[in-house]
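In our numbering, the protein residues as written are 2 to 206.
Everything below concerns the one structure shown next.
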């Protein structure tokens, strides 16, 4: 967990609450955390889900691994320490989006269980919904897809610390949603997530 270095700082509360913003948007903010191997389908599902939510009149926003590393986390690499800091920062950003009432679609390999659990705790401490979605895909299928050609480079030794090859992936033990992307169609995966959001009162029918 990151150490608080700045001193003499205090949280400044406003007059408008999270509940006020939820009523304004007619939805409840929540973080949907997509975790899985590179090529498992995290971003593909998040994009399709964002479209489905938009069609329902619901406000969501995608935080994608590559996109974030081109901006707020551009100074981080792929060492274990940098991966942990990458997820910590995204956890904090996701929490801010949830506070704004937005359904946040966070798509990150996030290979270490403790890092994901820390983001969960961060949300739970503020009574904010955190939904872990395990985008489960076999390594062989992910390598077969290899949309960015990263596995080929990793196998050739051109990329170091690549998850699933020379860096571990720790699968979720009790995710709220478990998707099997090598056997389930995309539209059915989106429907599973939408049903979960409806059943748990985060969006309306």
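Every residue gets a Cβ at the ideal spot worked out from N, C-alpha and C, and that includes glycine.
Open item on the list: So if DSSP puts residue 133 in a beta bridge, which residue, or which two residues, is it bridged to?
Closed with: One-based indexing of the chain shown puts residue 133 at position 132. Partner(s): 34.
TODO: Could you check the C-alpha separation between residue 84 and residue 169 for me, to the nearest Å?
DONE: For the purposes of this step, residue 84 is taken as residue 83 along the chain shown, with counting starting at 1. For the purposes of this step, residue 169 is taken as residue 168 along the chain shown, with counting starting at 1. So the two alpha carbons sit approximately 12 Å from each other.
Task: Ranges of the beta strand (DSSP E) found wholly within the stretch 75-125, counting only runs of at least 3 - done: 104-108
- [ ] Please classify residue 21: is it buried, with 16 or more other beta-carbons within 10 angstroms of its beta-carbon, or exposed?
- [x] Here residue 21 refers to the residue found at position 20 of the chain shown. Counting Cβ neighbours within 10 Å, residue 21 comes out exposed, since fewer than 16 surround it.
- [ ] Would you tell me roughly how many angstroms separate the C-alpha atoms of residue 229 and residue 198, rounded to the nearest one?
- [x] With the chain running from 2 to 206 in the structure shown, residue 229 is simply not present.
Open item on the list: Which of the three DSSP states is assigned to residue 61 in this structure?
Closed with: Position 60 of the chain shown holds residue 61. The answer is strand: DSSP assigns residue 61 an E or B state.
TODO: Would you check if the distance between the CB atom of residue 152 and the CB atom of residue 105 is smaller than 7 Å?
DONE: For this step, residue 152 is matched to residue 151 along the chain shown. For this step, residue 105 is matched to residue 104 along the chain shown. No, they are not a contact pair.
- [ ] Determine which residues share a DSSP beta bridge with residue 182 and list them.
- [x] Working through the chain shown from its first residue, we reach residue 182 at position 181. In the DSSP output, where bridge partners are listed per residue, residue 182 has none listed.
Open item on the list: For the alpha helix (DSSP H) containing residue 200, name the first residue and the last one.
Closed with: Here residue 200 refers to the residue found at position 199 when the chain shown is read from its first residue. Per DSSP, residue 200 belongs to the alpha helix (DSSP H) from 187-200.
TODO: Name the one or two DSSP bridge partners that residue 164 has.
DONE: Mapped onto the chain shown, residue 164 falls at position 163. In the DSSP output, where bridge partners are listed per residue, residue 164 has 168.
Open item on the list: Quick check: what's the CA-CA separation for residue 99 versus residue 190?
Closed with: As a position in the chain shown, residue 99 is number 98, starting the count at 1. As a position in the chain shown, residue 190 is number 189, starting the count at 1. Roughly 23 Å separates the two Cα atoms.
Open item on the list: Suppose the cutoff is 6 Å on Cβ atoms and the five residues either side in sequence are ignored; what does the same chain contact list for residue 60 look like?
Closed with: Position 59 of the chain shown, counted from the first residue, corresponds to residue 60. Result list for residue 60: 26, 103, in chain order.
- [ ] Note the first and the last residue of the continuous alpha helix (DSSP H) segment covering residue 128.
- [x] Translated into the one-based positions of the chain shown, residue 128 becomes position 127. Residue 128 -> no alpha helix (DSSP H), and no H or E assigned at all.
TODO: Reducing DSSP to helix, strand and coil, say where residue 48 ends up.
DONE: By 1-based counting over the chain shown, the position of residue 48 is 47. In the structure shown, residue 48 sits in a helix (DSSP, three-state: H, G or I).
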